[in-house]
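Anchor point for the sequence shown: position 139 equals 139 in full-length UniProt numbering, and the numbering is continuous, going up by one each time.
Glycine included, every Cβ here is placed at the ideal spot set by N, Cα and C.
Source: prediction; values computed, not measured.
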Amino acid sequence: MITVRVPAKVNVQLGVGGLRADGFHDLANVFFAVGLFDEVTAEPAEGVTLSCTGPDAASVPLDGTNLAARAARLLAAHHGLADPGVHLHIAKAIPVAGGMAGGSADGAAALVACDALWGLDTPFETLLELAAELGSDVPFALLGGVALGRGRGEILDALPVEGTFHWVFAVADGGLSTPAVFRECDRLREEAGTGSSEAEVPTPDADPALLAALATGDPVALAAALANDLQAAALSLRPSLADTLHAGTEAGALAALVSGSGPTCAFLAKDAEAAAAIAAALTASGTCRAAHATYGPVPGAAVSAPRP
């Protein structure tokens, strides 16, 4: 039995380019791994089967569409295993459809867990390539830390970061579809008259001020540089998120933004004590289902020590 712990992510910068001919958008996506974790446990079984526990477990598909199951089959196919056998149990803590890449995290964890269970010793670079086949956010869940994602987010460069940053994440009721949020982003751009195609929207790049704030460990400077090009679209589809963002800011957050495609909202705090106070205020505000204080950056998917 192999258990892998894998972190959630927040996008401290999500720059979205125009719509490409293949239906994707070029991104300047600064991923930041935070201390909200799923655990995926792999054990021998007949075929590939899944189970799930934790918040929103009922919303997690337990069929072949689940990224963890797809990861197991992709790894097996890469190594020529004709009849892979594994049962994958997902212990969820990352919000489902919450803009924190929980499904992608489970796919990355399944790659690592099955690789260990089957004794394959797959090189890390190969795991990254397989992860990119599964989805744009899956490679970062393997890597962890802080990284700039280019292309559709799967081309990663690790970034230097100093110290620890403190975060609060407010979990909303229900989820938001990432493709729907991107479509709404395109629609809002067309409505504004700027156009939405890659010929009309400049290719985004990482903000030098944001990179400097990460490298120096300055939360105030990072707060000033946080940016998410999908936030307007997420707010258009879920206007109530504005109340959540306001509640966190009123509680003392240095900055607030929608995490990725939402609807989870992220708040940067000056320290751990401030994060705890912001989480308590958000919980009391009634603008979210739950609020979690945590920190980052943290490592990517890794095998956990066996429990006694």
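Can you check which of these residues, 237, 259, 224, is closest to residue 188 by C-alpha distance?
Taking the first residue of the sequence shown as position 1, residue 188 is located at position 188. With distances taken between Cα atoms, residue 188 lies closest to 237.
Compute the beta-carbon to beta-carbon distance between residue 142 and residue 116, rounded to the nearest angstrom, for a pair I have assumed lies under 8 angstroms.
Taking the first residue of the sequence shown as 1, we reach residue 142 at position 142. Taking the first residue of the sequence shown as 1, we reach residue 116 at position 116. Contact doesn't hold; Cβ gap of about 13 angstroms is too wide.
Can you name, in chain order, every residue of its own chain whose Cβ lies under 6 angstroms from the Cβ of residue 282, other than the five neighbours on each side?
Stepping through the sequence shown from its first residue, residue 282 is reached at position 282. Same-chain partners within the cutoff: 170, 247, 248, 288, 291.
Just verifying my parser: in three-state terms, what is the DSSP assignment at residue 288?
For this step, residue 288 is matched to residue 288 along the sequence shown. If DSSP states are grouped into helix, strand and coil, residue 288 belongs with coil.
Reference residue 275; option with closest CA among 234, 253, 46
Along the sequence shown, read from residue 1 onward, the residue named residue 275 stands at position 275. The shortest C-alpha separation from residue 275 is found at 253.
Under three-state DSSP, which class holds residue 246?
Mapped onto the sequence shown, residue 246 falls at position 246. If DSSP states are grouped into helix, strand and coil, residue 246 belongs with the helices.
What residue range is occupied by the uninterrupted beta strand (DSSP E) comprising residue 51?
Within the sequence shown, residue 51 is the residue found at index 51, counting from 1. Element bounds for residue 51: 48 to 53.
Pair every Cβ in the segment 81 to 100 with every Cβ in the segment 42 to 55, then say whether three or more of these pairs are closer than 8 angstroms.
yes
With distances taken Cα to Cα, identify the nearest neighbour of residue 267 among 273, 260, 261, 245.
Position 267 of the sequence shown, counted from the start, is the residue given in the question as residue 267. The candidate whose alpha carbon is nearest that of residue 267 is 245.
Using the Cβ count rule (16 or more neighbours within 10 Å means buried), how would you classify residue 158?
Taking the first residue of the sequence shown as 1, we reach residue 158 at position 158. Label assigned to residue 158: exposed.
What is the DSSP secondary structure of residue 59, reduced to helix, strand or coil?
Residue 59 sits at position 59 when you count from the first residue of the sequence shown. If DSSP states are grouped into helix, strand and coil, residue 59 belongs with the helices.
At the level of alpha carbons, what is the spacing between residue 314 and residue 67?
This structure cannot speak to residue 314, because the chain is shown only from 1 to 308.
Nearest-angstrom Cα distance between residue 23 and residue 181?
Here the question's residue 23 lines up with position 23 in the sequence shown. Here the question's residue 181 lines up with position 181 in the sequence shown. Roughly 13 angstroms separates the two Cα atoms.
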